[in-house]
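Have a look at the structure below, then the notes.
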Amino acid sequence: MSVRRLAEDTVQPASFAFSKENAAWAKATINKYPKGREQSAIIPLLMRAQEQDGWVTRAAIESIADMLGMAYIRALEVATFYTQFQLKPVGSRAHVQVCGTTPCMLRGAEDLIKLCKKKIAAEPFTLNESGTLSWEEVECQGACVNAPMVMIFKDAYEDLTPERLEEIIDGFDAGKGAEIQPGPQVDRIYSAPEGGLTTLQLVETPEKPKAPARASKAKDEAVSVPPSNAAKPKTATDVTNPALKTPATARKAAAKNAKIEGETVDKSKPAKKPR
Ligand code: FES
């Protein structure tokens, strides 16, 4: 993680002012917040100042603090906390922020940093010869699943190899950054598996096997297997004495069986002694 300090006084401009268009936008943005909460607009205003001048100057931080009625130290705390704000002049065509946190480091971030050192400058926050490129190492950018990755301005470039990052840097240096598709640089959508889905795929439901043909209606009645969509019991009697709901032939068979069982039970009891 790099130390977040303001640029040397020698490069700091004496003053800051939003352009006419950006000043109107800033006023409208401040008005989005309730009265007394205007300071909540600090982040969008700092970002707009950076987009206007290429980096966030001391004059811009203090000017925005005045607009929002904030102490300078409060505005400085915000500007120096977030690595999205550049506190020094950076490359005019690309400032490459390489994530160096554990998941990206395990997936090859060191090789990306080596490439930046070779291709841009040996030290972070140092402009290349033509002033178009610079780089730095940052902490996790929230795209760990597609590690390793870099941020260039507001876009993330993920699933990188040194070769692919070199192509991207060359593209920005040639002024064609807008033509490079951000996001994963391999065959995947967002963070879905490479090459397509491996789980939760739609598969055709196998056809249900057909029930064997029924022999006869009489057999149906004797077996009396309720269809799966049979009406549920509605009364207590239905539940406790389902035989009442069966066809007559089945009821007769059930009664006969009960009689036989009764006799069997009786025979199993010890015979009563005659008095
Ligand atoms: S560790 Fe690199 S994006 Fe999270």
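Using full-length UniProt numbering, you'd call the opening residue of the sequence shown number 1 and step up by one each time.
We treat Cβ as the ideally placed atom computed from N, Cα and C, and that holds for glycine.
- For LEU76, the enclosing alpha helix (DSSP H) stretches over residues 72-81.
- Residue environment: GLU163 is assigned as exposed (fewer than 16 neighbouring CB atoms within 10 Å of its CB, all protein chains considered).
- In the three-state DSSP reduction, VAL145 falls in the helix class (H, G or I).
- Beyond the five residues adjoining it in sequence on each side, TYR72 comes within less than 6 Å, by CB distance, of GLU62 and ALA65 in the same chain, given in chain order.
- Taking non-hydrogen atoms of ligand 1 into account, the C-beta of GLY131 is found less than 7 Å away from none of them.
- Every alpha helix (DSSP H) stretch that sits fully inside the stretch 157-199 and reaches 4 residues is listed by chain position as 162-173.
- Inter-residue distance for VAL98 and PRO184 is about 15 Å (C-alpha atoms, whole angstroms).
- Taking the Cα of VAL56 as reference, the smallest distance to any Cα among GLN39, PRO13 and LYS32 is reached at PRO13.
- Cβ neighbours of SER40 within its own chain (closer than 8 Å, five residues either side excluded): TYR33.
- A residue is called buried once 16 or more other Cβ atoms fall within 10 Å of its Cβ, and GLN181, having fewer, is exposed.
- Comparing alpha-carbon positions, the option among ARG188, THR132, GLU137 and GLY196 lying closest to ASP170 turns out to be THR132.
- By the Cβ rule, the stretch 76-89 counts as touching the stretch 3-12, because three or more pairs are nearer than 8 Å.
- In the DSSP annotation of this structure, the continuous segment of the beta strand (DSSP E) that includes GLN97 starts and ends at 94-99.
- Between ALA17 and the set LEU127, LEU68 and ALA49, the nearest pair of CA atoms involves ALA49.
- Membership of ILE42 in the alpha helix (DSSP H) is indicated by the continuous run 42-53.
- According to the DSSP assignment, ILE30 belongs to the alpha helix (DSSP H) that extends over 20-30.
- Under the three-state reduction of DSSP, VAL11 is assigned to helix.
- Short of 6 Å from the beta carbon of GLU38, and not among the five residues preceding or following it, lie these beta carbons of its own chain, in chain order: ILE30 and LEU68.
- In chain order, SER134 place their CB closer than 6 Å to the CB of HIS95, counting only its own chain and leaving out the 5 sequence neighbours on each side.
- Residue burial annotation: TYR157 is buried, with at least 16 other C-beta atoms found within 10 angstroms of its C-beta.
- Between the beta-carbon of GLU110 and that of PRO124 there is about 14 Å, and that puts the pair past the 8 Å contact cut.
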